[in-house]
Each structure stands twice: as C-alpha cells, then as structure tokens.
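In the numbering used here, the protein residues as written are 830 to 1010.
Note that CB positions come from ideal geometry on N, CA and C, so glycine has one too.
It should be emphasised that the depicted structure is a prediction, and the values quoted were computed from it without experimental measurement.
Below: one structure, written as structure tokens.
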Amino acid sequence: YLSGEINSPLDRLKKLAEVLITYFGIAGSDLTVTRQPVKVKELVDTVLTDKARTISKKELVVENRIDENIIFNADPGYLQFLLTTLIENSLVFTDKRGTVTIEAAAEGEKNRLTVRDNGKGFAAEDRDLLFKPFVLPPEKRNPEGFGLNLAQAKIIVDAHDGELTAESPGPGQGAAFSLIL
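Shown next as structure tokens:
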C-alpha cells in the first residue's frame, strides 16, 4: 500500500479499514500455511519490480544478492507478503541515495534471508516493539503507514515455525531484518 499515494483523509481512512481487516483476519485465527518450494530470488525480483518507482524516486541502490538455487519451503502468498514487508520497510526508512542489500543463505535445514540497509535504524529498546501492533509512537513509524505490517509478518513467520529478527547498531546507522524459514 505504500507504493500508492494516499491523497485524502478519506483515502487514508479506507486504507486503514483494509489494513485492520487484514491484520485482525490474520491475528484472530489459526493461520493455515500451504508450504511448497519457492525460488526466493524470483520472488524478490518480483517485489523489486513492483517497488521500482520508489527505488527510482529515492535514487536507491538495491542489490539482490540471492543465489538462484536458494529455495524456501513456505506458503508462496505469505512469503511474498513477508518479502514485500521487509523490502518496503527498508525502502521507506532509507534516505535518498541509500543502499538496500538482500541476501539469503542456507543455515542447516532452514534458510535465512536478510534485508539490510543504511537507513534510519532504531534504538535497542525499540527492537521488540517493532513486531507488536499499535505500540510504536508515530514519530518512529512510517508516516504513511499504520505500524501493522511487521506485526502481521511476525504472525505469518510464527505460523511457518520460523523466526523474524531485527538488528541495528542504533538510530541513523541502518538496520537488518532477517527471515529464517
């Protein structure tokens, strides 16, 4: 939703209703995931194509360093949401002419995908709040967002028996979000 522009208070209200319905639909149920092998590089390329306008407008350097042979065993629709959320988050919080790098590697029986940027970063005390709904103060959220995408992502990752982590050396020093499935 962040790639489109919200032009009026009515548009924002409509978008909030959509986001809340989606969030509570996921949060208020036992999420069923249908796992299948998914080539992550292709899915990331699709997300980057969808976000090309934002990338171009901010003059970002975005590198997809994922090997074509990395395959996640995940629900393709939910995996696309996860990748979109992590990538979009980096695009939003990285300043003009910044860098976003996407990497993936096997870790035993699971794979780790990391989206790293040199953007705004966050304080250590905010790390756990990033994945909780409605708790980050507005000045720490995307001004166009509602603070729910990472909370939704955490629910989806938990349904996959995976892990979602966030690391940052501190405010103004970038961040790295990792998805382990």
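- Judged by DSSP in its simplified three-state form, residue 1002 adopts coil rather than helix or strand.
- According to DSSP, residue pairing for residue 941 in a beta bridge involves 934, 1009.
- When the alpha-carbon of residue 945 is set against those of 953, 955, 963, 933, the nearest one is in 933.
- If you look at residue 886, you'll find it in the alpha helix (DSSP H) that goes 881–886.
- Beyond the five residues adjoining it in sequence on each side, residue 986 comes within less than 6 Å, by CB distance, of 993 in the same chain, given in chain order.
- Residue 918: member of the alpha helix (DSSP H) spanning 905–922, first to last residue.
- Apart from the 5 residues on each side of it in sequence, residue 901 sits with its Cβ closer than 7 Å to the Cβ of 867, 869, 908, 940, 1010 in its chain, given in chain order.
- Secondary structure at residue 900: strand, using DSSP grouped into helix, strand and coil.
- Looking from the CA of residue 1005, the closest CA among 983, 916, 982, 926 belongs to 916.
- Boundaries cannot be given for residue 862, as no beta strand (DSSP E) includes it and DSSP labels it neither H nor E.
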